[in-house]
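The block underneath contains the structure these notes are about, expressed in C-alpha coordinates.
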Amino acid sequence: MGKEAPNLSPSVITRLTAQWNAEYDRWQKRDLSARHYVYVWADGIYLQARMEDHAECMLVLIGATPEGKKELVGFQTGIREGAQSWSQRRFRWDW
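Okay, structure coming up:
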(Lines of atoms letter the chains of each structure in order from A and count residues from 1; the text may use other names and numbers.)
(Lines give C-alpha, C1' and ligand atoms only; values in the text may rest on other atoms or scores of the structure.)
Protein backbone atom coordinates (compact mmCIF):
# COMPACT_ATOMS: atom_id res chain seq x y z
CA MET A 1 0.00 0.00 0.00
CA GLY A 2 3.05 2.23 0.35
CA LYS A 3 2.98 5.85 1.49
CA GLU A 4 -0.78 6.06 0.89
CA ALA A 5 -1.45 3.86 3.93
CA PRO A 6 1.17 4.68 6.58
CA ASN A 7 -0.84 3.07 9.41
CA LEU A 8 -0.95 -0.35 7.76
CA SER A 9 2.18 -1.94 9.16
CA PRO A 10 2.86 -5.65 8.67
CA SER A 11 1.65 -6.33 12.22
CA VAL A 12 -1.61 -4.44 11.62
CA ILE A 13 -2.20 -6.34 8.37
CA THR A 14 -1.49 -9.65 10.14
CA ARG A 15 -3.93 -8.76 12.96
CA LEU A 16 -6.66 -7.63 10.53
CA THR A 17 -6.22 -10.74 8.38
CA ALA A 18 -6.57 -12.99 11.44
CA GLN A 19 -9.68 -11.09 12.53
CA TRP A 20 -11.26 -11.30 9.06
CA ASN A 21 -10.45 -15.02 8.82
CA ALA A 22 -12.12 -15.63 12.21
CA GLU A 23 -15.21 -13.64 11.14
CA TYR A 24 -15.41 -15.56 7.85
CA ASP A 25 -15.06 -18.89 9.68
CA ARG A 26 -17.93 -17.96 12.06
CA TRP A 27 -20.05 -16.84 9.11
CA GLN A 28 -19.36 -20.10 7.22
CA LYS A 29 -20.40 -22.12 10.29
CA ARG A 30 -23.55 -20.13 11.08
CA ASP A 31 -26.72 -22.11 11.71
CA LEU A 32 -28.95 -22.14 8.62
CA SER A 33 -31.43 -24.72 9.93
CA ALA A 34 -34.14 -22.08 10.43
CA ARG A 35 -33.69 -20.66 6.92
CA HIS A 36 -36.02 -21.76 4.12
CA TYR A 37 -35.01 -21.30 0.49
CA VAL A 38 -37.36 -22.02 -2.36
CA TYR A 39 -34.57 -21.77 -4.91
CA VAL A 40 -30.76 -21.90 -4.75
CA TRP A 41 -28.37 -20.65 -7.42
CA ALA A 42 -24.87 -22.11 -7.65
CA ASP A 43 -22.44 -20.26 -9.86
CA GLY A 44 -18.76 -19.62 -10.42
CA ILE A 45 -17.48 -16.08 -10.83
CA TYR A 46 -13.99 -15.59 -12.22
CA LEU A 47 -11.79 -12.94 -10.61
CA GLN A 48 -8.42 -11.91 -11.93
CA ALA A 49 -6.04 -9.51 -10.22
CA ARG A 50 -3.88 -7.53 -12.58
CA MET A 51 -0.66 -9.30 -11.64
CA GLU A 52 -1.96 -12.88 -11.80
CA ASP A 53 -1.55 -15.15 -14.81
CA HIS A 54 -4.93 -16.85 -14.40
CA ALA A 55 -8.35 -16.02 -13.01
CA GLU A 56 -9.46 -17.48 -9.68
CA CYS A 57 -12.97 -18.95 -9.57
CA MET A 58 -15.25 -17.88 -6.71
CA LEU A 59 -17.95 -20.52 -6.08
CA VAL A 60 -21.12 -18.79 -4.90
CA LEU A 61 -24.44 -20.04 -3.48
CA ILE A 62 -27.41 -17.66 -3.37
CA GLY A 63 -30.75 -18.66 -1.90
CA ALA A 64 -34.19 -17.13 -2.58
CA THR A 65 -36.61 -16.95 0.35
CA PRO A 66 -40.37 -17.49 -0.03
CA GLU A 67 -40.73 -13.68 0.14
CA GLY A 68 -38.45 -13.29 -2.90
CA LYS A 69 -35.41 -11.97 -1.04
CA LYS A 70 -32.00 -13.18 -2.24
CA GLU A 71 -29.43 -14.11 0.40
CA LEU A 72 -25.78 -15.06 0.10
CA VAL A 73 -25.60 -18.61 1.46
CA GLY A 74 -21.92 -19.32 0.92
CA PHE A 75 -18.82 -18.73 -1.15
CA GLN A 76 -15.35 -20.21 -1.54
CA THR A 77 -12.57 -20.19 -4.08
CA GLY A 78 -12.26 -23.04 -6.57
CA ILE A 79 -10.32 -24.06 -9.65
CA ARG A 80 -13.26 -23.73 -12.04
CA GLU A 81 -17.03 -23.84 -11.81
CA GLY A 82 -17.20 -27.54 -12.70
CA ALA A 83 -18.25 -30.48 -10.55
CA GLN A 84 -14.67 -31.12 -9.38
CA SER A 85 -14.45 -27.78 -7.57
CA TRP A 86 -17.95 -28.02 -6.09
CA SER A 87 -17.42 -31.56 -4.78
CA GLN A 88 -14.15 -30.61 -3.09
CA ARG A 89 -15.64 -27.65 -1.21
CA ARG A 90 -17.33 -27.90 2.14
CA PHE A 91 -20.49 -25.90 1.88
CA ARG A 92 -22.95 -26.42 4.71
CA TRP A 93 -25.96 -28.24 3.31
CA ASP A 94 -27.76 -28.93 6.61
CA TRP A 95 -30.39 -26.28 6.06
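Numbers -19 to 75, taken from the working numbering, label the letters of the sequence shown in order.
Backbone N, C-alpha and C define an ideal beta-carbon position, used for all residues, glycine too.
Of the other Cβ atoms in all chains shown, fewer than 16 fall within 10 Å of the Cβ of Val(-8); this residue is therefore exposed.
Residues of the same chain with a CB within less than 8 Å of the CB of Met38, apart from the 5 flanking positions on each side, are Gly24, Ile25, Tyr26, Leu27, Phe55, Gln56, Thr57, Gly58 in chain order.
About 32 Å separates the CB atoms of Val18 and Ala35; that is not less than 8 Å, and the two are not in contact.
DSSP places Thr(-3) in no beta strand (DSSP E) but in the uninterrupted alpha helix (DSSP H) bounded by -10 to 8.
In the three-state reduction of the DSSP assignment, Thr57 falls in the strand class.
In the structure shown, Gly43 adopts extended strand secondary structure according to DSSP, grouped into three states.
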